[in-house]
Amino acid sequence: MFRISQYMREIAAPSPLGPKRNPPGPVVIWNLIRRCNLTCKHCYSISADKDFAGELSTAEVYTTMDDLKSFGVPVLILSGGEPLLRPDIYQIARRAKQMGFYVGLSTNGTLIDESNIAQIAEIGFDYVGISLDGMRETHDEFRRKQGAFDASLHGVRLCRDAGIKIGVRFTLTQDNAHDLPALLKLVEDEGIDKFYLSHLNYAGRGNKNRGRDAFLQTTRNAMDLLFDTCWDYLQRGLEKEFVTGNNDADGVYLLQWVRARFPEREAALRAKLAQWGGNSSGVNVANIDNLGVVHPDTFWWHYPLGNVRERKFSDIWTDVSDPLMAGLKAVPRQIKGRCGECSYFDVCGGNTRVRALQLTDDPWQEDPACYLSDEEIGVSGERERVTLSPYIPIRGVKIA
Ligand SMILES: C[S@@+](CC[C@H](N)C(=O)[O-])C[C@H]1O[C@@H](n2cnc3c(N)ncnc32)[C@H](O)[C@@H]1O
Ligand code: SF4
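So the sequence shown is numbered by the UniProt record's numbering: it starts at 1 and just counts up by one.
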């Protein structure tokens, strides 16, 4: 995750570079159920409105939670499928809170209504993230359900009015990029605390539909808008969090943004960004799926590391006899192609490995979704890039 607001605050008022602090354990995104009332075009968990056999029981979830706690996991994000379809979701969430986890709920929001908002508020979730992938027409098309937008927005408003910290999550593609300005306005008008732009990752239906991924220029435009909006909030003294996920080149692009506006702040920002270090799948982010299978992050469902029914999460997570985990935990990661040659590798860490795998069959190849030009990252440009077909060049920038 890339915390734009945090770095914008650094640009506005730089603070000294302290020692790098490693979190005690990974953030665990836990898909407690695969069933969902929607069938979104990009869904990595290929969820649908049917039961999936063999999901973890309440007791198994509790046993795993105990292990996660003793391993030092600080954050649990309860997700799905649609987590509110799990009958024991409130019990699980309440126990997680009592154990001292930071607990987030990742939901499509359509099932939050007057009948359950008091129960949701009573849990004391630290954060509820609700997906809005565009304005009404776009969102309903993307999420393949008429009325989804209105139901999700109703859920957002109920949570906000109940005093819950709330965020809107938007997965950017070529089909919904045009709605980003309106969505950012909605976030302001509705008093929503946080905006999370998720770049498309090539997993599940998101891989099947990867041809609809945002063009590189579209991504640049979206990031320009996000940076400018975030900076504007800061200037107005308004608290709002902007974050992104699934494209660590965002850190490199922010450096460019700073260079153009406050060149004297670039070096300090770069040091902070290098300390962050970019992609942390398999290191600071972990995933447990509905069947108890552990993965390096949510987009690696095709790659099992082990099952919490057979081995403790803590044992699975620290086992680097697995070649993927060994490669992800290597410092620095050994990445090929233009990512390996990039002058900003220390900032982004080679970005998202799943996209490289899906396009080349090699998880250590360059990430095709890097939207910086060869010139901008100081690579020769004589080699062909790994790209989605048809290849869409970045407007106005020479790129191989
Ligand atoms: C799988 S959903 C589960 C929670 C809930 N059903 C929802 O849609 O918010 C979790 C988040 O992942 C996002 N997501 C799903 N597939 C994705 C993909 N292929 N790339 C990037 N984000 C994705 C969704 O938009 C959502 O914000
Ligand atoms: S993205 Fe979320 S709402 Fe959409 S199908 Fe997947 S789990 Fe369901």
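For glycine and all other residues, C-beta sits at the position ideal for the given N, C-alpha and C. Please read these numbers as outputs of a predicted model, since none were measured by experiment.
If we call anything under 8 Å between Cβ atoms a contact, is residue i one with residue j?
i           : j           : result
residue 353 : residue 368 : no
residue 82  : residue 111 : yes
residue 227 : residue 269 : no
residue 78  : residue 54  : no
residue 26  : residue 61  : no
residue 308 : residue 320 : no
residue 144 : residue 36  : no
residue 248 : residue 388 : no
residue 209 : residue 358 : no
residue 278 : residue 349 : yes
When the Cα of residue i is compared with those of the options, which residue comes out closest?
i           : options            : result
residue 50  : 66, 65, 262, 86    : 86
residue 167 : 120, 243, 64       : 243
residue 188 : 365, 156, 210, 171 : 156
residue 297 : 207, 359, 257, 201 : 201
residue 238 : 342, 191, 94       : 191
residue 9   : 147, 230, 159      : 230
residue 223 : 58, 235, 211, 251  : 251
residue 18  : 276, 74, 282, 338  : 276
residue 63  : 46, 95, 80         : 95
residue 121 : 163, 371, 180, 361 : 163
residue 169 : 339, 128, 6, 328   : 128
residue 90  : 119, 38, 75, 76    : 119
residue 176 : 153, 139, 92       : 139
If we ignore side chains and look at the alpha-carbon of each, how far apart do residue i and residue j end up?
i           : j           : result
residue 67  : residue 288 : 13 Å
residue 313 : residue 98  : 20 Å
residue 137 : residue 16  : 46 Å
residue 285 : residue 29  : 8 Å
residue 245 : residue 221 : 16 Å
residue 134 : residue 106 : 17 Å
residue 386 : residue 43  : 23 Å
residue 324 : residue 310 : 20 Å
residue 196 : residue 141 : 20 Å
Grouping DSSP H, G and I as helix and E and B as strand, with all else coil, what is residue i?
i           : result
residue 168 : strand
residue 141 : helix
residue 236 : coil
residue 97  : helix
residue 464 : Because the chain is modelled from 1 through 400, residue 464 falls outside the range shown and cannot be assessed.
residue 251 : helix
residue 183 : helix
residue 117 : helix
residue 173 : coil
residue 199 : strand
residue 229 : helix
Please determine whether the Cβ atom of residue i lies at a distance below 7 Å from any heavy atom of ligand 2.
i           : result
residue 328 : no
residue 45  : yes
residue 167 : no
residue 38  : yes
residue 245 : no
residue 152 : no
residue 290 : no
residue 143 : yes
residue 351 : no
residue 108 : yes
Is residue i a contact residue of ligand 1, with contact defined as CB to any heavy atom under 7 Å?
i           : result
residue 214 : no
residue 306 : no
residue 155 : no
residue 186 : no
Residue i: beta carbon under 7 Å from a heavy atom of ligand 3?
i          : result
residue 80 : No copy of ligand 3 occurs in the structure displayed; its ligands are ligand 1 and ligand 2 alone.
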